[in-house]
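Peer 1: Have a look at this one before I ask anything.
There are 2 protein chains.
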Amino acid sequence: MAPRDPLSPAQLETYFALMETASLLQYAVEQQLKADGPLSWVQFQVLAGLALGERPSQRMTDIADRVVYSRSGLTYQARVLEDRGLVTRSADPDDERGTVVAVTPAGRALVEQVLPGHEAVVRRVLLDHLDAADGGALTRLLQRLRDRMRQAPPRSARRR
Amino acid sequence: MAPRDPLSPAQLETYFALMETASLLQYAVEQQLKADGPLSWVQFQVLAGLALGERPSQRMTDIADRVVYSRSGLTYQARVLEDRGLVTRSADPDDERGTVVAVTPAGRALVEQVLPGHEAVVRRVLLDHLDAADGGALTRLLQRLRDRMRQAPPRSARRR
DNA sequence: TAGCAGTGATTCGAATTCGTAGCAAGCGGC
DNA sequence: GCCGCTTGCTACGAATTCGAATCACTGCTA
Numbered sequence: 704m705a706p707r708d709p710l711s712p713a714q715l716e717t718y719f720a721l722m723e724t725a726s727l728l729q730y731a732v733e734q735q736l737k738a739d740g741p742l743s744w745v746q747f748q749v750l751a752g753l754a755l756g757e758r759p760s761q762r763m764t765d766i767a768d769r770v771v772y773s774r775s776g777l778t779y780q781a782r783v784l785e786d787r788g789l790v791t792r793s794a795d796p797d798d799e800r801g802t803v804v805a806v807t808p809a810g811r812a813l814v815e816q817v818l819p820g821h822e823a824v825v826r827r828v829l830l831d832h833l834d835a836a837d838g839g840a841l842t843r844l845l846q847r848l849r850d851r852m853r854q855a856p857p858r859s860a861r862r863r
Numbered sequence: 704m705a706p707r708d709p710l711s712p713a714q715l716e717t718y719f720a721l722m723e724t725a726s727l728l729q730y731a732v733e734q735q736l737k738a739d740g741p742l743s744w745v746q747f748q749v750l751a752g753l754a755l756g757e758r759p760s761q762r763m764t765d766i767a768d769r770v771v772y773s774r775s776g777l778t779y780q781a782r783v784l785e786d787r788g789l790v791t792r793s794a795d796p797d798d799e800r801g802t803v804v805a806v807t808p809a810g811r812a813l814v815e816q817v818l819p820g821h822e823a824v825v826r827r828v829l830l831d832h833l834d835a836a837d838g839g840a841l842t843r844l845l846q847r848l849r850d851r852m853r854q855a856p857p858r859s860a861r862r863r
């Protein structure tokens, strides 16, 4: 990690404003998820990724990388979600080491249940402060940043 | 929380891209802070806010709101930082209920020690992907969002 | 095809995070 | 000046989070 010149105040501000905005938004949606689910933020991310995404079942490590979480932490959460009947875990037929997590109908139903209130919070806290042009610009910038960051080895790739 | 229409895919993408970008960036800087401090993300935020900001001593609740953290969680972290000699805690002379946290010289030294490597990570993961125009646009948008979100009652204001 | 490094997941223990309850001090109305 | 309510912080218990160690299975290579 070769240190170069210090960051300018404007650069530091980009960084801090990003982290601060995300923290405030996350706290706001967590309140809603707890009240309407209850679901934690990570539980919502896991469930929503399965229920709303392309693939209704995914492997543990893929989920952990998607939500930027430790694999052991995801094991814990997967058990919690399974105990609540929101997902199932089964051995991957293609690779006996792997575990495939799949949403259940109850899991889908819970996502549908919390989603309207969730979207309302996102609208109120985030989207209502962006007009169409700003929203588009912000989304493009963030998408590009996310895609670049995803180029790096995922969290699960740490040495052992 | 009156639900209105569902969000468009583009709107959902704004939301998820923001949260995902922040998560990836946070994970990256946490690795550096752990290696060079060691400091956790919240510890760094607390210390850096005191060492680099305007006010080198702040009240517990103000710090908790600034870093979007629970007050009891901040009590724990303040004790940890105090035990390591990085901050001091003392009664607020103006309000005997209050506790004022102040960085020590050792705390400042530690921030100075981790900062170059920290900035290098921020540069590599975030800033290197933004040219001047994009960085400026992103910063302006995020600053405005953050300021709007800060208009809402802070986390410490929850009912008891 | 036996050996073995690599990968997927879980277990375990330690550290942390949070909400609630409780304590102490301020503040307003009377 | 006193009571009742609020506010600032900490104590406590329960839940969660993480990394390291471990177990099981894959697939490469000699």
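Chains as they are written, first to last, in my numbering: chain G, 704 to 863; chain Y, 704 to 863.
For each residue, glycine too, the CB sits at the ideal point set by N, CA and C.
1) Since I believe Val817 of chain G is in contact with Leu728 of chain G (beta carbons under 8 Å), could you give me their beta-carbon distance rounded to a whole number of angstroms?
2) Start and end of the beta strand (DSSP E) containing Arg762 of chain G?
3) Quick check on Gly838 of chain Y: buried or exposed, where buried means 16 or more other Cβ atoms within 10 Å of its Cβ?
4) Can you check whether the C-beta of Asp813 of chain Y is within less than 8 Å of a C-beta belonging to chain G?
5) List the residues of chain G that Val825 of chain Y touches, going by C-beta distances under 9 Å, in chain order.
6) Which residues in chain Y have a C-beta closer than 7 Å to the C-beta of Val806 of chain G? List them in chain order.
7) Assuming Arg827 of chain Y is part of the beta strand (DSSP E), what are its boundary residues?
8) For Arg811 of chain G, collect the residues of the same chain with a Cβ closer than 6 Å to its Cβ; drop the 5 residues on either side in sequence, then sort them by chain order.
9) For Asp708 of chain Y, name the three-state secondary structure that DSSP assigns.
10) Taking Cβ-Cβ distances shorter than 7 Å, what residues in chain Y pair up with Ser726 of chain G?
11) Is it buried or exposed, Val732 of chain Y, if we count other Cβ atoms within 10 angstroms and call 16 or more buried?
12) Considering only C-alpha positions, which residue in the set Y:Met852, Y:Ala860, Y:Arg758, Y:Arg774 is nearest to Val824 of chain G?
13) By Cβ distance, which residues of its chain are closer than 7 Å to Arg774 of chain Y, with the 5 residues on each side in sequence left out?
14) Rounded C-beta distance between Val790 of chain Y and Val804 of chain Y? I'm assuming under 8 Å.
15) Is the CB of Leu777 of chain G under 8 Å away from at least one CB in chain Y?
16) Using a Cβ cut-off of 7 Å, pull out every chain Y residue sitting near Val828 of chain G, in sequence order please.
17) Mind pulling the chain Y residues with CB within less than 8 Å of Thr842 of chain G?
18) Do you know offhand how far Gln748 of chain Y's Cα is from Pro808 of chain G's?
19) Hey, does Asp834 of chain G have any beta-carbon neighbour from chain Y nearer than 8 Å?
20) Use the C-beta contact count for Tyr718 of chain Y: other C-beta atoms within 10 angstroms, 16 or more gives buried, fewer gives exposed.
21) Report the three-state DSSP secondary structure of Asp797 of chain G (helix, strand or coil).
22) State the CB to CB distance for the pair Leu865 of chain G and Leu845 of chain Y, rounded to an integer number of angstroms; the pair is presumed to be in contact (CB under 8 Å).
23) With H, G and I counted as helix, E and B as strand and the rest as coil, what does DSSP make of Val804 of chain G?
24) Any C-beta of chain Y sitting closer than 8 Å to the C-beta of Asp837 of chain G?
25) Rounded to whole angstroms, what's the CA-CA distance from Ala713 of chain Y to Val806 of chain Y? Just pull it up for me.
26) Which residues, in chain order, does the segment 739 to 767 of chain Y contribute to contact with chain G at a C-beta distance below 7 Å?
Peer 2: Walking through what the data contain:
1) With a Cβ gap of about 16 Å, Leu728 of chain G and Val817 of chain G do not count as contacting.
2) 760 to 762
3) buried
4) Note that residue 813 of chain Y corresponds to Leu in the displayed sequence, not to Asp. Not closer than 8 Å to any Cβ of chain G, the Cβ of Leu813 of chain Y fails to qualify, so no.
5) Leu710, Gln714, Leu715, Thr717, Tyr718
6) Near Val806 of chain G there are no residues of chain Y at all, since even the closest Cβ is about 18 Å away, more than 7 Å.
7) Counting along the chain, Arg827 of chain Y falls outside any beta strand (DSSP E), though it belongs to the alpha helix (DSSP H) covering 808 to 828.
8) Ala754
9) coil
10) Val771
11) buried
12) Y:Met852
13) Met763, Thr764, Ala767, Ser859
14) 5 Å
15) no
16) Met852
17) Ala713, Glu716, Thr717, Ala720
18) 41 Å
19) no
20) buried
21) coil
22) Residue 865 of chain G falls outside the range modelled here, since chain G spans only 704 to 863, and no answer is possible.
23) strand
24) yes
25) 44 Å
26) none
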